[in-house]
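Residue numbers (the numbering used here): 87 to 558.
Everything on this sheet refers to the single structure shown next.
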């Protein structure tokens with residue numbers, strides 16, 4: 087009972103302190119632009135902290151520590167792909183910031199013009215990853231705290247979903263980003279402290295490594311220990327899926343100084359690599375002490391071995407980490423509904439900022455309720471996350487990046503983009519269901535790229551002929 091009391095107390099302190107800041111931000115920043123992109127006024131350090139806190143999440147705490155536990159340095163392979171997303175986006179960051187985009191459908195509209203069909207398909211593809219993130223974080227929290235507190239996983243999912251809403255509702259991205267920054271500072275401090283405890287519990291780094299299987303600790307050999315089929319799925323899902331993750335684009339658009347857009351992504355990528363090394367060494371430490379665990383239960387086992395005072399602090403760290411991802415994902419999904427569906431498809435241009443904020447909060451409630459249901463039904467964190475990345479990449483990667491490279495040529499057409507998205511999705515789904523030897527995400531991406539070029543070529547020719555006939 088004493089342990090539960092201290093855990094709840096530390097968690098309450100973290101939530102109340104950051105919650106008070108969230109409410110303050112909500113009073114200071116209360117426009118629809120504040121909700122969507124933080125008023126485009128976030129300092130560099132806040133943007134970096136928010137990117138890092140958003141990426142880290144419960145997947146890092148459960149799935150990545152579990153991967154370090156079972157497969158060693160393969161976790162770094164995963165992390166290189168995650169940080170690679172930030173490094174690649176940094177090349178386009180300044181251009182993206184100067185265009186003042188709000189959503190991915192905004193970017194596609196800039197490349198291909200206005201189209202309700204394109205917007206609808208793009209919205210569905212865009213929300214796949216952030217919605218999947220909400221579900222995986224809720225799954226993570228149920229795995230971490232269920233045994234520790236003796237509370238039903240379903241109840242924990244509902245409680246944490248409700249708490250996450252409290253950080254979104256005041257001011258959308260403005261309140262989310264500032265509280266994420268605070269959470270990220272806590273994450274860095276406590277993660278370092280947790281490694282100190284893990285090394286001490288395991289008898290020192292030398293003793294820990296002596297207890298590990300050779301295939302787990304060997305570097306760089308164990309970077310491929312999960313097998314090349316799995317690595318290929320990561321490569322063609324995590325990297326392209328990250329490049330189509332709207333949460334990253336929003337923070338690029340939210341940074342105050344245009345010149346800081348590139349820096350924010352480079353610094354975020356470096357912090358992600360730091361987090362992956364943390365997950366690896368924590369996984370190593372747990373494996374050396376308890377070699378027969380299910381990998382996704384490694385973090386939960388570690389929690390039960392900590393002294394009460396640090397367990398309470400660490401629990402606050404876990405809560406901060408998970409909530410930082412959930413609230414970011416809720417906010418970005420809501421922006422797609424309000425900015426793209428309401429603003430571009432239904433065209434509610436005359437809606438006041440106050441009314442739009444109210445609708446955003448209502449949508450936030452609906453999105454969170456839907457995620458709770460999915461998290462209860464599908465409790466496989468890493469598998470679900472990789473699947474959402476795959477579908478997002480299959481639908482959006484070609485339209486975004488071919489659109490960028492052909493933005494001055496007018497070669498690509500709306501018909502080509504819609505075909506690209508449709509064929510990408512169908513090819514990815516078919517490969518997944520048929521369990522093809524070629525990674526299903528690769529099938530989706532290739533189909534999307536090819537159909538975008540081919541259909542654009544033929545529809546461009548048709549439009550040119552029609553224009554010539556009209557002029558004659």
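Built from N, CA and C at the ideal position, the CB exists for glycine as well.
Coarse secondary structure for residue i, derived from DSSP in three states
| i | result |
| --- | --- |
| residue 225 | helix |
| residue 428 | helix |
| residue 512 | helix |
| residue 128 | strand |
| residue 312 | coil |
| residue 237 | coil |
| residue 103 | helix |
| residue 497 | coil |
| residue 179 | helix |
| residue 379 | coil |
| residue 474 | helix |
| residue 30 | Within the shown structure, residues of the chain are numbered from 87 to 558, placing residue 30 beyond reach of any answer. |
| residue 184 | helix |
| residue 288 | coil |
| residue 97 | helix |
Range covered by the alpha helix (DSSP H) that runs through residue i
| i | result |
| --- | --- |
| residue 362 | 346–375 |
| residue 115 | Run containing residue 115: none; DSSP gives neither H nor E here. |
| residue 524 | No alpha helix (DSSP H) contains residue 524, which DSSP labels as neither H nor E. |
| residue 167 | 160–175 |
| residue 390 | 384–391 |
| residue 295 | 291–296 |
| residue 457 | 439–463 |
| residue 410 | 394–421 |
| residue 201 | Where residue 201 is concerned, there is no enclosing alpha helix (DSSP H), given that its DSSP letter is neither H nor E. |
| residue 339 | 332–340 |
| residue 255 | Per DSSP, residue 255 belongs to no alpha helix (DSSP H) and is neither H nor E. |
| residue 148 | No alpha helix (DSSP H) holds residue 148; DSSP gives it neither H nor E. |
| residue 302 | 300–303 |
Proximal residues to residue i (C-beta, below 6 Å), its chain only, five neighbours per side dropped
| i | result |
| --- | --- |
| residue 157 | 311, 312 |
| residue 530 | 480, 510, 513, 514 |
| residue 212 | 190, 332, 422 |
| residue 391 | none |
| residue 371 | 284, 288, 294 |
| residue 119 | 125 |
| residue 137 | 337, 354 |
Of the listed residues the options, nearest to residue i (C-alpha basis)
| i | options | result |
| --- | --- | --- |
| residue 457 | 215, 113, 159 | 215 |
| residue 231 | 356, 243, 222 | 243 |
| residue 506 | 525, 520, 477, 495 | 477 |
| residue 286 | 238, 339, 393, 181 | 393 |
| residue 245 | 169, 299, 405 | 405 |
| residue 207 | 320, 426, 176, 375 | 426 |
| residue 149 | 412, 374, 424, 369 | 369 |
| residue 193 | 483, 540, 302, 534 | 483 |
| residue 164 | 328, 486, 485 | 328 |
| residue 289 | 228, 338, 325, 374 | 374 |
| residue 181 | 302, 114, 344, 305 | 344 |
| residue 124 | 176, 200, 338, 140 | 338 |
The ligand ATP heavy atom lying under 7 Å from the CB of residue i
| i | result |
| --- | --- |
| residue 509 | In terms of ligand content, the structure shown is empty, and the ligand ATP therefore cannot be addressed. |
Buried or exposed (CB count within 10 angstroms, at least 16 for buried), residue i
| i | result |
| --- | --- |
| residue 293 | exposed |
| residue 223 | buried |
| residue 239 | buried |
| residue 441 | exposed |
| residue 495 | exposed |
| residue 533 | buried |
| residue 183 | buried |
| residue 320 | buried |
| residue 346 | buried |
| residue 553 | For residue 553, the predicted model reports a pLDDT of 47, less than 50, meaning its position is unreliable; a value from the coordinates is still stated below. Exposed, since its Cβ has fewer than 16 Cβ neighbours within 10 Å. |
| residue 503 | buried |
| residue 104 | buried |
| residue 296 | exposed |
8 Å Cβ shell around residue i - same chain, five flanking residues per side excluded
| i | result |
| --- | --- |
| residue 322 | 476, 479, 525, 527, 528, 531 |
| residue 356 | 169 |
| residue 131 | 267 |
Spatial neighbours of residue i in its chain, beta-carbon cut-off 7 Å, leaving aside the 5 residues before and after
| i | result |
| --- | --- |
| residue 418 | 216, 332, 333, 336 |
| residue 276 | 399, 400, 403 |
| residue 151 | 365, 368, 369, 384, 385 |
| residue 317 | 163, 310 |
| residue 280 | 368, 400 |
| residue 461 | 221, 224, 225, 243 |
Chain B within 8 Å of residue i, Cβ atoms only
| i | result |
| --- | --- |
| residue 338 | Of the chains in the structure shown, none is chain B; there is only one protein chain. |
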